[in-house]
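Asker: Those protein sequences? They're chains X, Z, V and E, same order as listed.
According to the working numbering, the first sequence is numbered sequentially starting from 9.
According to the working numbering, the second sequence is numbered sequentially starting from 9.
According to the working numbering, the third sequence is numbered sequentially starting from 9.
According to the working numbering, the fourth sequence is numbered sequentially starting from 9.
Protein chains: 4
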Amino acid sequence: MRFFSDNAAPVHPKVMEAIAAANRIDTAYDGDEWSRKLDGAFSDLFGKQVRAFWVTTGTAANCIALAALCPPYRGILCHMDAHIEVDEAGAPGFFTGGAKLALLEGAGAKISVDAARTACDLIRKDVHQVQPAALSITNATEYGLVYTPDETAALGDLCRARGLGFHVDGARFANAVASLGCSPADLSWKAGVDALSFGFVKNGGLSAEVLIFFRTDLAAASHYRRKRGGHLLSKGRYLAAQILAMLEGEVWLRNARAANEAAARLAAAAGAGRLLLPVQVNEVFVRVSADEAAALRAKGFDFYDWGPGEARLVTSWDSDPAAVDALAAAIRAL
Amino acid sequence: MRFFSDNAAPVHPKVMEAIAAANRIDTAYDGDEWSRKLDGAFSDLFGKQVRAFWVTTGTAANCIALAALCPPYRGILCHMDAHIEVDEAGAPGFFTGGAKLALLEGAGAKISVDAARTACDLIRKDVHQVQPAALSITNATEYGLVYTPDETAALGDLCRARGLGFHVDGARFANAVASLGCSPADLSWKAGVDALSFGFVKNGGLSAEVLIFFRTDLAAASHYRRKRGGHLLSKGRYLAAQILAMLEGEVWLRNARAANEAAARLAAAAGAGRLLLPVQVNEVFVRVSADEAAALRAKGFDFYDWGPGEARLVTSWDSDPAAVDALAAAIRAL
Amino acid sequence: MRFFSDNAAPVHPKVMEAIAAANRIDTAYDGDEWSRKLDGAFSDLFGKQVRAFWVTTGTAANCIALAALCPPYRGILCHMDAHIEVDEAGAPGFFTGGAKLALLEGAGAKISVDAARTACDLIRKDVHQVQPAALSITNATEYGLVYTPDETAALGDLCRARGLGFHVDGARFANAVASLGCSPADLSWKAGVDALSFGFVKNGGLSAEVLIFFRTDLAAASHYRRKRGGHLLSKGRYLAAQILAMLEGEVWLRNARAANEAAARLAAAAGAGRLLLPVQVNEVFVRVSADEAAALRAKGFDFYDWGPGEARLVTSWDSDPAAVDALAAAIRAL
Amino acid sequence: MRFFSDNAAPVHPKVMEAIAAANRIDTAYDGDEWSRKLDGAFSDLFGKQVRAFWVTTGTAANCIALAALCPPYRGILCHMDAHIEVDEAGAPGFFTGGAKLALLEGAGAKISVDAARTACDLIRKDVHQVQPAALSITNATEYGLVYTPDETAALGDLCRARGLGFHVDGARFANAVASLGCSPADLSWKAGVDALSFGFVKNGGLSAEVLIFFRTDLAAASHYRRKRGGHLLSKGRYLAAQILAMLEGEVWLRNARAANEAAARLAAAAGAGRLLLPVQVNEVFVRVSADEAAALRAKGFDFYDWGPGEARLVTSWDSDPAAVDALAAAIRAL
């Protein structure tokens, strides 16, 4: 009964079927019939002409986007707990050619407009300091909080006012959309977002994430950056097919809802007293003593410690209701 | 009846089965049970302790290897027709941080020891010129020629004498091994090779190539470079499983033999008069006039033109014997 | 009466004479008779075999050193107010190929051993986080504090224990040596320092700083990095001559003492109540209201505001005693 | 009697005077009164609004220009003997973040429009090949040939037609202007040039070269790139003063003429039979046997061998007429 990461979850059967169905000869790279459908499929989903690139990791999606938005000699504002800062081994520095991440604080890995504005104001406007070129947020955040459409739009307004590009790391974008009940457009281009890393792997995919450019002028260079980063797979049809399968019948949204609902059941079991943060998507951060954590593990539940007296429980699209109920009961029984 | 690229071929059934069999929960990244077997599996295959990294493209394998062998301020000797020079969108410059490719000539994209030695000698040993740090060859070459174990070892000797690292782009390494009837060790570490990009995708895989380090001291940094390049997939088990399936029962070798044999049949049909180069693996370069090429296409054969009056025919692991025979007959009939 | 920066000071007459004396034909780059003396001159000064490279800026010295100590995929621990972080426009990211600066806190831009140790401990030892490769401190710090030989050695011990390279940005190294009354060796290699940016420009030079490698194995690559960074001047003799003139008769030390003493007089005038930090070298940070600052400026004193109610006064090798006395009197009269 | 490099020549007395005259306090970096005059002085010289940046080396000027014209994922067309290719230790790869130099052939290091056009045509317009973004020529070339205004304009037209930026490495731009008797404008922006590295060091300067942007929109990013490359000297006034002194009274042009005329005398002495190339500026490439070279050296003449049976003689602004006459006589006497 594993609750340590949605990356550990298996692949959704529809995705497996789609991979099997793509197993025939076609044009290499992204010239195949599946890959050629991506722009259209995502333009439909977002209600706007977009450009969509498959890649195999969130790190690649994030960093190709950041390189499109930020030249080597400028910087990217992000949260100090952002995945791009703490979990990508310096990939933003690699892809951008040495651009700097300027780190902001904020509870639950969430950036407020005030924090972003203040950070901009504190940078001297001279040649000695790195000037920001972009803002990157994660929605849902690394701590499971969501930015609402209004909050996102307020950041988008700041970006426009300050001449910053706006990127969203959406490794759990589906979970955020499902949680908020809004449209994908509300959380992206309608709120001023220029580029979105739209995650599918944590949500039931095998190896395909999608980088969406709402500013389609950024696509041409990114096409080369993807190739140059070693991310243009020769049999790209097996990636595109995964994505199309996730879009078909809204598998992506249903999966995200399932994961969110499982987390909500755990949150209800934990109660406000144990929760470190509100539970808005599929991550539950709880206060548990070392003894309590050991007791849960003794019952067969696997999860990460998140600091002294804290644990992270992550649900996923396939979380077994029985296991969720069992964990909920075990938490209640602590 | 497509003969334009082995990248267009479908995935081998054993690989598809292995992906399906891996579809259960496990540790993320490369901590899963399949990924943890790779070092051992390739150490067995090569008869030597090696370190093996899955990646999704030959470009990633090549360039992580080159970055391990060459610092940003030095250079890599390679053929002017090498894939790393003409088909990777500048990825070596990206991964190495700006190292330079120094280009050598040679028929059929093959580098002679003399050419490599002369290139070294012509570089002034001063701070104004980029000093070489590595040699990279492709075996089989981009034009379908193989380096024998002796030829490879002679280049390996030169590398040791000049303090150069030695990399082999083995996108068609399996085809070279099959063609030569030697062991994988004979074409690699026994000949002084430090790092090998061992290709599986052209040969029946879906999305997994393997980077092998015979110099295991190069592995630690490469672990970080893979992550930093966005190449550490979170569900790595589906890559490792592909590779293990290709090794099991020597699928990799049988597939390569099948592709080579199909090419040999086409070569025999073409005859020495039409062949631009000897056919040693699964690529056949033939002289055909524009009219002849059109005639072949009219019969349903698809392939690339390779210059005025030249065409490239590529066979693959799944080349349909009937289609091969038909193409052979059509060539004979020209 | 300018107190805003030691960079604004003129060039010492001995340096000007040396430049004039070097104005004859000689070998280009660093093959001339002056440049060839640098290794010996600094080996004598430090009592140890060192390698010494002239460069034209502290940024170049710092960043060539950092690139020698840190590969692109690792990081450098430094203070959040370090010059390399806030005043070099991202140059460390450029020279290292994207390495990351990990920022530490500490009063007066000074890093304690505990802070450095804690920072190391907090980095997860996995492939997802950037692992540190070096520590960089500034001595004297950007806020005019010095690290004693013992404090430096304690950091040096930590570096050795954790496998970190140790760099000192010594833009005001001369001032630190003068303030502490120790030997240059005590503040550098005897304390475990691997590379030192030894500043001369703020201290009376025209355009020559020196990068010293105590670990001489780092010199070979740095020779190429200097050239590749566009920092190998063709008429290098005019740089080397400046440096030799500063070493001759200990001009560097006498200049630093003069600047420190001028600052001490200002500090005494300000008194403990106005001082934000102890004055140990040639920078004086004082509390002054906006009206007080205006009053000083009305009397002809020029300096930088350093935040609300704070000002920075910088003395230099040529600070006019009369102007210093006048400023001291004006501060007392506030 | 040294004829091996114009880099070895001393500094012109007017430049030395200007440095001495600048030796007083002023604003640091490029805020001083001399630096602030550069844009105006060069706008006057070129008859067009330009932006002018001092740097200390031709490599820095060239590579900041190339970084302004070429993103990391594209390439720069240049001659295979260009300084940026063979004498800058890979600096273009460093400054651009890994862009590729695509090498052209041509006698005397000169690129014809046909060669440039063909090179463009041969690059496949797909994502696998590096697409060119700029053309860089050297005028006068590394072999002492000049591009006329018409030849330059023809290349400029090609650049505009193909969407390429156009850079001129003008380490000996003064010599080219002097040789052709044209205006600086004729050889630069009127011929479609976007950026020019205008050399002063070989021509009598001490440490100041100038990077001129005719496309002033390229200046803003370059300001940061200069700083980030460690090329923003804190006492920039001593660089700007050198340049202004060279412009004053056309010292730059008179110096170049003197060097060219000295070379012309050597060329006349050598005669067409010995000359490898026409002598158009201050470099003379002659056929001399090993014995002849030894005989010249025995008489006290110093120069570089340039290959078997070939020597390079370089004159400079200060070439002693007596020494030139002596060498001319010695060549005649061979």
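Where is the CB? At the ideal position from N, CA and C, for every residue including glycine.
Computed from a prediction, not measured in an experiment: that's the story for all the values here.
Answer yes or no: do E/G105 and X/P140 have a C-beta to C-beta separation smaller than 8 angstroms?
Answerer: For the purposes of this step, residue 105 of chain E is taken as residue 97 along the fourth sequence, with counting starting at 1. For the purposes of this step, residue 140 of chain X is taken as residue 132 along the first sequence, with counting starting at 1. The answer is no: Cβ separation not under 8 angstroms.
Asker: Step through the CB atoms of chain X and report whether any lies within less than 8 angstroms of the CB of E/L240.
Answerer: Walking along the fourth sequence from the start, residue 240 of chain E turns up at place 232. So yes, E/L240 belongs to the interface.
Asker: Given a cut-off of 8 angstroms, decide if X/R265 and X/A186 are closer than it, judged by their beta-carbon atoms.
Answerer: Here residue 186 of chain X is taken as the residue at index 178 of the first sequence, counted from 1. Here residue 265 of chain X is taken as the residue at index 257 of the first sequence, counted from 1. A contact, by the Cβ cut-off of 8 angstroms.
Asker: Let's test the definition: count the other Cβ atoms within 10 Å of the Cβ of Z/L252 and tell me whether it reaches 16, buried, or not, exposed.
Answerer: As a working mapping, residue 252 of chain Z is identified with position 244 in the second sequence. Burial call: buried.
Asker: Is there at least one Cβ from chain E nearer than 8 angstroms to X/H136's Cβ?
Answerer: Residue mapping note: residue 136 of chain X aligns to position 128 of the first sequence, counting from 1. It does; some Cβ of chain E falls within 8 angstroms.
Asker: Going by C-alpha to C-alpha distance, which of V/Y312, V/R32 and V/C190 sits closest to V/T156?
Answerer: Here residue 156 of chain V refers to the residue found at position 148 when the third sequence is read from its first residue. Of V/Y312, V/R32 and V/C190, the residue nearest in Cα terms is V/C190.
Asker: Does the beta-carbon of X/E96 have 16 or more other beta-carbons within 10 angstroms, so that it is buried, or is it exposed?
Answerer: The residue given as residue 96 of chain X occupies position 88 in the first sequence. X/E96 is buried by the Cβ-count criterion.
Asker: Quick one: does V/A105 have its CB under 8 angstroms from some CB of chain Z?
Answerer: Within the third sequence, the letter at position 97 stands for residue 105 of chain V. A small correction: the amino acid at residue 105 of chain V is Gly; Ala does not occupy that position in the sequence shown. Answer yes: the Cβ-Cβ gap between V/G105 and chain Z drops below 8 angstroms somewhere.
Asker: V/Q137: buried (16+ other C-beta within 10 angstroms of its C-beta) or exposed?
Answerer: Position 129 of the third sequence, counting from 1, holds the residue named residue 137 of chain V. It is buried - the Cβ of V/Q137 has at least 16 other Cβ atoms within 10 Å.
Asker: Using alpha carbons as the reference points, say which of V/N268, V/K108, V/A107 and V/V154 lies closest to V/S120.
Answerer: Within the third sequence, residue 120 of chain V is the residue found at index 112, counting from 1. Among V/N268, V/K108, V/A107 and V/V154, the Cα nearest to that of V/S120 is on V/V154.
Asker: Tell me the residue span of the beta strand (DSSP E) that contains Z/T146.
Answerer: Taking the first residue of the second sequence as 1, we reach residue 146 of chain Z at position 138. Per DSSP, Z/T146 belongs to the beta strand (DSSP E) from P140 to T146.
Asker: Taking 8 angstroms as the CB-CB cut-off, is V/H231 touching chain Z?
Answerer: To locate residue 231 of chain V, count along the third sequence from 1; it is residue 223. Chain Z contact via Cβ: present.
Asker: So that I know if they touch, is there some Cβ in chain V lying closer than 8 angstroms to that of X/P80?
Answerer: Along the first sequence, one-based indexing puts residue 80 of chain X at 72. Yes, its Cβ sits closer than 8 angstroms to a Cβ of chain V.
Asker: X/A182 to X/A275, Cα distance in whole Å?
Answerer: For the purposes of this step, residue 182 of chain X is taken as residue 174 along the first sequence, with counting starting at 1. For the purposes of this step, residue 275 of chain X is taken as residue 267 along the first sequence, with counting starting at 1. Taking the straight line joining both Cα atoms gives about 19 angstroms.
Asker: Can you name the residues of chain E whose CB is closer than 7 angstroms to the CB of Z/A124?
Answerer: Along the second sequence, one-based indexing puts residue 124 of chain Z at 116. Ordered by position in chain E, no residue passes the 7 angstroms Cβ test against Z/A124, which lies about 19 angstroms from the chain.
Asker: Name, please, each residue of chain X whose Cβ falls closer than 7 angstroms to the Cβ of E/R236.
Answerer: For the purposes of this step, residue 236 of chain E is taken as the residue at position 228 of the fourth sequence. Correct list: Y81.
Asker: Beta-carbon within less than 6 angstroms of X/N263's beta-carbon, same chain only, minus the 5 sequence neighbours each way: which residues are those?
Answerer: Here residue 263 of chain X refers to the residue found at position 255 when the first sequence is read from its first residue. Only N211, G212 and W325 meet the Cβ criterion.
Asker: When the Cα of Z/D313 is compared with those of Z/A306, Z/A301 and Z/K307, which residue comes out closest?
Answerer: The residue labelled residue 313 of chain Z in the question sits at position 305 within the second sequence. Measuring from the Cα of Z/D313, the nearest candidate turns out to be Z/A301.
Asker: Using only CA atoms, which one of Z/G101, Z/G164, Z/F102 and Z/R82 lies nearest to Z/D122?
Answerer: Looking up residue 122 of chain Z in the second sequence gives position 114. Among Z/G101, Z/G164, Z/F102 and Z/R82, the Cα nearest to that of Z/D122 is on Z/G164.
Asker: For V/F311, would you say it is in contact with chain E, using Cβ-to-Cβ distances shorter than 8 angstroms as the test?
Answerer: Residue mapping note: residue 311 of chain V aligns to position 303 of the third sequence, counting from 1. Cβ-Cβ to chain E under 8 angstroms: no for V/F311.
Asker: So which of V/A319, V/T224, V/P316 and V/A303 has the shortest CA-CA distance to V/L342?
Answerer: Looking up residue 342 of chain V in the third sequence gives position 334. The residue with the shortest Cα to Cα distance from V/L342 is V/A303.
Asker: Quick one: Cα of E/A90 to Cα of E/L111, how far?
Answerer: The residue given as residue 90 of chain E occupies position 82 in the fourth sequence. The residue given as residue 111 of chain E occupies position 103 in the fourth sequence. Distance between the alpha carbons of E/A90 and E/L111 is about 9 angstroms.
Asker: Any contact of the stretch 21-36 of chain E with the stretch 305-312 of chain V, i.e. 3+ C-beta pairs under 8 angstroms?
Answerer: Contact between the stretch 21-36 of chain E and the stretch 305-312 of chain V is absent, because fewer than three Cβ pairs lie under 8 angstroms.
Asker: What residues in its chain sit with their C-beta under 8 angstroms from that of X/E318, if we drop five residues either side in the sequence?
Answerer: Along the first sequence, read from residue 1 onward, the residue named residue 318 of chain X stands at position 310. Once the five neighbours on either side are set aside, the close Cβ partners of X/E318 are L284, F293, V294, R295 and V296.
Asker: Can you tell me whether DSSP reads X/S43 as helix, strand or coil?
Answerer: For this step, residue 43 of chain X is matched to residue 35 along the first sequence. X/S43: helix per DSSP, three-state reduction.
Asker: Classify X/C86 as helix, strand or coil using the three-state DSSP reduction.
Answerer: Here residue 86 of chain X refers to the residue found at position 78 when the first sequence is read from its first residue. DSSP places X/C86 in strand when its eight states are reduced to three.
Asker: Just the Cα atoms here: how many angstroms apart are Z/H239 and Z/Y232?
Answerer: Taking the second sequence and counting its residues from 1, one reaches residue 239 of chain Z at position 231. Taking the second sequence and counting its residues from 1, one reaches residue 232 of chain Z at position 224. Cα-Cα distance, rounded: 10 angstroms.
Asker: Nearer than 7 angstroms: is that true of the beta carbon of E/V296 relative to any heavy atom of the ligand SAH?
Answerer: Ligands are entirely absent from the displayed structure, and the ligand SAH is therefore not among its contents.
Asker: So Z/N31 and X/P18 are supposed to be a Cβ contact under 8 angstroms. How far apart are they, rounded?
Answerer: Residue mapping note: residue 31 of chain Z aligns to position 23 of the second sequence, counting from 1. Residue mapping note: residue 18 of chain X aligns to position 10 of the first sequence, counting from 1. About 5 angstroms; that satisfies the 8 angstroms criterion.
Asker: Our contact map puts Z/A271 next to Z/V287 with C-beta atoms below 8 angstroms; I'd like the distance itself, whole angstroms only.
Answerer: In the second sequence, residue 271 of chain Z corresponds to position 263, counting from 1. In the second sequence, residue 287 of chain Z corresponds to position 279, counting from 1. Right, their Cβ atoms sit about 5 angstroms apart.
Asker: Going along chain V in order, which residues have a C-beta closer than 7 angstroms to the C-beta of E/I33?
Answerer: Numbered from its first residue, the fourth sequence carries residue 33 of chain E at position 25. Within 7 angstroms Cβ-Cβ: R10, A16, A17 and P18.
Asker: Less than 8 angstroms between the CB atoms is what I'm expecting for V/A73 and V/H175, so what's the real figure, rounded?
Answerer: Taking the third sequence and counting its residues from 1, the one referred to as residue 73 of chain V is at position 65. Taking the third sequence and counting its residues from 1, the one referred to as residue 175 of chain V is at position 167. Right, their Cβ atoms sit about 5 angstroms apart.
Asker: List the residues that DSSP assigns as beta-bridge partners of E/S205.
Answerer: Walking along the fourth sequence from the start, residue 205 of chain E turns up at place 197. Answer is E/D177 and E/L219, bridged to E/S205.
Asker: Just mark V/D52 as buried or exposed, buried being the case when its beta carbon has 16 or more other beta carbons within 10 Å.
Answerer: For the purposes of this step, residue 52 of chain V is identified with residue 44 of the third sequence, where counting begins at 1. It counts as exposed.
Asker: For E/V130, which residues in the same chain have their Cβ closer than 8 angstroms to its Cβ, ignoring the five residues on either side in sequence?
Answerer: By one-based count along the fourth sequence, residue 130 of chain E stands at place 122. Sequence check: residue 130 of chain E is Leu here, not Val. Nothing listed; no residue qualifies.
Asker: Residues of chain E with a CB under 9 angstroms from the CB of Z/F102: which are they?
Answerer: Start at 1 with the first residue of the second sequence, and residue 102 of chain Z comes out as number 94. Under the 9 angstroms cutoff, chain E gives P80, Y81, G105 and G106.
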